[in-house]
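**Student:** Positions in the sequence shown are counted from 1; adding 9 to them yields the numbering used here.
Backbone N, C-alpha and C fix where the C-beta goes; we use that ideal spot for every residue, glycine too.
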Amino acid sequence: IGALLYLANCTRPDIAFSVNLLARYSSTPTRRHWNGIKHIMRYLRGSTDMGLFYPRGTKSTLIGYVDAGYLSDPHKARSQTGYLFTFCDTAISWRSTKQTMTATSSNHSEILAIHEASRECIWLISMIQHIQESCGLSSIRNNPTVIYEDNTACITQLRGGYIKGDRTKHISPKFFYTHELQKNGDIDVQQIRSSDNLADLFTKALLGTTFKKLRHDIGMRQI
10 IGALLYLANC
20 TRPDIAFSVN
30 LLARYSSTPT
40 RRHWNGIKHI
50 MRYLRGSTDM
60 GLFYPRGTKS
70 TLIGYVDAGY
80 LSDPHKARSQ
90 TGYLFTFCDT
100 AISWRSTKQT
110 MTATSSNHSE
120 ILAIHEASRE
130 CIWLISMIQH
140 IQESCGLSSI
150 RNNPTVIYED
160 NTACITQLRG
170 GYIKGDRTKH
180 ISPKFFYTHE
190 LQKNGDIDVQ
200 QIRSSDNLAD
210 LFTKALLGTT
220 FKKLRHDIGM
230 RQI
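1) Rank Arg40, Thr37, Ile10 and Cys97 by C-alpha distance to the C-alpha of phenylalanine 26 and give the top, closest one.
2) According to DSSP, methionine 229 sits in a beta bridge with which residue or residues?
3) By DSSP, does threonine 165 sit in helix, in strand, or in coil?
4) Can you give the beta carbon distance from leucine 133 to leucine 190, rounded, assuming they're within the 8 Å contact cut?
5) Which residue wins for smallest C-alpha separation from serine 233, given the options Asp226, Asp98 and Thr37?
6) Have a look at isoleucine 131 and aspartate 195 and give me their C-alpha separation to the nearest angstrom.
7) Please report the Cβ distance between glutamate 125 and asparagine 160, rounded to the nearest whole angstrom; I am assuming they are in contact, meaning their Cβ atoms lie under 8 Å.
8) Mind checking glutamate 158: buried by the 16 CB within 10 Å criterion, or exposed?
9) Grab the span of the beta strand (DSSP E) containing isoleucine 196 for me, first residue to last.
10) Roughly how many whole angstroms lie between the Cα atoms of methionine 229 and alanine 100?
11) Could you name the residues of the same chain whose beta carbon sits closer than 6 Å to that of tyrosine 92, not counting the 5 residues immediately before and after it, in chain order?
12) For valine 75, write down the residues that DSSP places opposite it in a beta bridge.
13) Taking the C-alpha atoms as reference points, what is the distance between lysine 107 and threonine 67?
14) Quick test of the definition: if touching needs 3 or more C-beta pairs under 8 Å, does the region 49-63 touch the region 21-35?
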């Protein structure tokens, strides 16, 4: 599992969700989990020529995608956070992880996921800006970084900056951190269809056709 985690975190975002899922049971594995590891190994063996491809001539824009899988771990009532950032249309940062706090609604889980993605976004902006300025290139700080999210209610709340109604009073203070970033023009959370949200690759098991489409969309090619 450790070797697979290293691979998933560095060069193979396509296995990030499945490896993270199996890693939860590394202390008490069963035959079912061993079969899951063998399935990943067979997939990797059949795709040794796959990798992240960064083409020339593409627009140097940082774009984020974020999603949450509500109660993906029903035994501990925890949800899954998944986010992805692309630069020049290819993934440069991604994460698939179980949330550390219990989300009491799907909206709450989305807020937690956006918070984690926003923190990563600020760090990426700082790093990319430093590299660009060192090379004498124009900075990406001119415009807010777009982060795509597929939960309409979550986006509406972030833009409004308030908690409204009894059903959403439980939302964490992490909500206000993301709202401040949006208000200050650091990020711009926008709506996207669920079928086009690349972060789906990091929150749930997908059909083969959907998996291959998203794998291609994040910049993985036969090299």
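**Tutor:** In brief:
1) Ile10
2) Leu61
3) helix
4) About 13 Å separates the two Cβ atoms, so there is no contact after all.
5) Residue 233 lies beyond the stretch modelled for the chain, which goes from 10 to 232, so this question has no answer here.
6) Straight-line Cα distance between these residues: approximately 8 Å.
7) About 15 Å; that fails the 8 Å criterion.
8) Buried: at least 16 other Cβ atoms inside 10 Å.
9) 196-200
10) 8 Å
11) Val75, Arg104, Ala126 and Ala208
12) Tyr92, per the DSSP bridge assignment.
13) 33 Å
14) Cβ pair count under 8 Å is three or more, so yes.
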